[in-house]
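Data block below; observations after.
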Amino acid sequence: MEEARELLGQIPIAARLKRDGLVAIWITNKAAVTDLLTSPGGILAQWGLEPIGEWIWLKITSTGDPILDVESVWRKPWERLLIARRMGSLISLPVSRRVIIGVPDVHSRKPNLRGLFEDILPKGYIGLEVFARNLTAGWWSWGNEVLFFQQGHHWVEMEDEDEAPSEDKRDDN
């Protein structure tokens, strides 16, 4: 974890974050990761941030069941999104806890957060997603896989704007 602390501590969050901006960080369910970020000397403190919310993404199958047993020892069917603000900022969330339920489309791709934050942040805001696995228009994305889902095989070409992709055009790999 010390290597992760050193690496994360180098990200210039304070230089990129507006006064009343928010930072959303997808984190694993491992207690050591939570401590690394939220402890008094943790990464959030190094970045000059304080946590103000935690949202849960419950990953379900197309039939509505969790993708994994909720009692599983090794893996859980949910991921956590830690939301933080600059220390001293007055921005708040309408609710500090939120559950997002959705079917992961490919390789545990996270839900796009832009729509979830649009009602919270001022019009024209620029978002920052740490450990992002895709690019979002108008947002900053940090992480070693931000271009992961930009590869051509993750996209479906549509013939008509109103036409949904047919089963034979989908790439479920």
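Heads up, the sequence shown is in the UniProt record's numbering, so the first residue is 1 and it goes up one at a time. C-beta atoms are modelled at their ideal positions from N, C-alpha and C, and glycine is treated no differently.
Item: For L16, three-class secondary structure by DSSP; Value: Note that residue 16 corresponds to Arg in the displayed sequence, not to Leu. In this structure, R16 counts as helix in the three-state DSSP scheme.
Item: Rounded Cβ spacing between R80 and E54 (contact assumed at less than 8 angstroms); Value: 6 angstroms
Item: D105 to D35 span [Cα, whole Å]; Value: 30 angstroms
Item: Pair within 9 angstroms by beta-carbon distance, residue 184 and A84; Value: Look at the range of the chain in this structure, 1 to 173, and you will see that residue 184 is not part of it.
Item: CB of F117 within 9 angstroms of CB of A24, strictly; Value: yes
Item: E3 versus I60, V33, K18, residue with shortest Cα-Cα distance; Value: V33
Item: Own chain partners of W142 with C-beta closer than 8 angstroms, once the 5 adjacent residues on each side are dropped; Value: I11, L128, E129, V130, F131, A132
Item: C-alpha distance - T28 paired with P77, whole-angstrom precision; Value: 11 angstroms
Item: Neighbourhood of R97 by C-beta, 8 angstroms cutoff - its chain only, sequence neighbours within 5 removed; Value: G53, E54, W55, I56
Item: Short Cβ contact (9 angstroms threshold) for N134 with L147; Value: yes
Item: I83, DSSP secondary structure in three states; Value: strand
Item: Length of the line joining the Cα atoms of L8 and E159; Value: 43 angstroms
Item: Residue interval of the alpha helix (DSSP H) (run including V106); Value: Note, V106: premise wrong, no alpha helix (DSSP H); not H, not E.
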